[in-house]
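The structure under discussion appears below in the form of structure tokens.
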Amino acid sequence: LRVAEVGTLKVQDSTNILKEFDKVGASTLYPPQYLSEVVVLEDWADEVFIPVMAYYRWSDDKNFQKFASQAFAQMPGMMRRFVVPLIRKDFVSRLRNANVGRIPEAERFERFNAGLKLIEDRVAKTGFLVGNSPTAADLAFFAPLQIIMAAKVYQLVPHVEKYPKVLEWMKELEKVALQ
Numbered sequence: 075l076r077v078a079e080v081g082t083l084k085v086q087d088s089t090n091i092l093k094e095f096d097k098v099g100a101s102t103l104y105p106p107q108y109l110s111e112v113v114v115l116e117d118w119a120d121e122v123f124i125p126v127m128a129y130y131r132w133s134d135d136k137n138f139q140k141f142a143s144q145a146f147a148q149m150p151g152m153m154r155r156f157v158v159p160l161i162r163k164d165f166v167s168r169l170r171n172a173n174v175g176r177i178p179e180a181e182r183f184e185r186f187n188a189g190l191k192l193i194e195d196r197v198a199k200t201g202f203l204v205g206n207s208p209t210a211a212d213l214a215f216f217a218p219l220q221i222i223m224a225a226k227v228y229q230l231v232p233h234v235e236k237y238p239k240v241l242e243w244m245k246e247l248e249k250v251a252l253q
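Residue numbering for the sequence shown follows the numbering used here, starting at 75 and increasing by one per position.
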């Protein structure tokens with residue numbers, strides 16, 4: 075989410091948006107006793123999980139076709155035929171020039187699996203990444219994982235499926251989101 079209205083403020087960046095919701099009492103996603111831990115984990119998700127998910131979703135033809143049919147559905151057909159390939163080419167070029175695209179695939183998977191292992195170990199203790207209720211750290215990891223699983227990003231789904239506690243945690247967060 076790029077911009078949200080929180081009260082009278084227009085707030086940019088998902089981290090800042092969530093912090094503003096905390097200030098107005100709409101959530102407790104940044105509990106003071108866990109603040110530094112939540113922020114570090116949220117940053118890690120932003121640096122590893124989101125780029126890896128985006129990399130495979132945009133750079134792989136099979137994944138991109140499913141994504142593009144939804145993401146660009148409202149664009150007029152003639153425009154879609156010419157503009158979408160240009161958008162994709164630019165975005166994939168940026169991904170390949172960013173850290174996620176410069177490292178070998180084995181290292182990309184290693185980093186992704188390290189994150190999954192961290193989630194698995196932490197949620198086995200309390201059910202959430204930090205403390206006994208969802209925080210911004212949970213949301214930061216949950217969002218790209220949910221996209222990976224729902225979109226069936228075939229390079230990443232088998233990695234996620236190796237971690238049963240991660241899958242249970244995702245189901246729990248889905249329940250919380252529906253309440």
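A virtual CB, placed ideally from N, CA and C, is assigned to each residue, including glycine.
Opening and closing residue of the alpha helix (DSSP H) in which residue i lies
i, result
"residue 143", "135-145"
"residue 111", "109-118"
"residue 180", "179-200"
"residue 175", "173-176"
"residue 216", "210-224"
"residue 235", "231-235"
Exposure label - residue i; buried when at least 16 CB within 10 Å
i, result
"residue 231", "exposed"
"residue 200", "exposed"
"residue 171", "exposed"
"residue 298", "No statement about residue 298 is possible, as the shown extent of the chain runs from 75 to 253 and does not include it."
"residue 196", "buried"
"residue 116", "buried"
"residue 137", "buried"
"residue 185", "buried"
"residue 156", "exposed"
"residue 250", "exposed"
"residue 180", "exposed"
"residue 212", "buried"
"residue 114", "exposed"
"residue 44", "The structure shown does not extend to residue 44, since the chain spans only 75 to 253, so no value can be given for it."
"residue 208", "buried"
Residue from the options whose Cα sits closest to the Cα of residue i
i, options, result
"residue 119", "190, 139 and 153", "190"
"residue 125", "235, 215 and 209", "215"
"residue 229", "131, 185 and 110", "131"
"residue 121", "238, 188, 140 and 144", "188"
"residue 177", "218, 129 and 140", "129"
"residue 237", "133, 224, 247 and 192", "192"
For residue j and residue i, believed in contact at Cβ under 8 Å, the rounded distance
i, j, result
"residue 219", "residue 123", "7 Å"
"residue 239", "residue 210", "Rounded, the Cβ-Cβ distance is 20 Å, inconsistent with contact."
"residue 133", "residue 166", "5 Å"
"residue 233", "residue 183", "7 Å"
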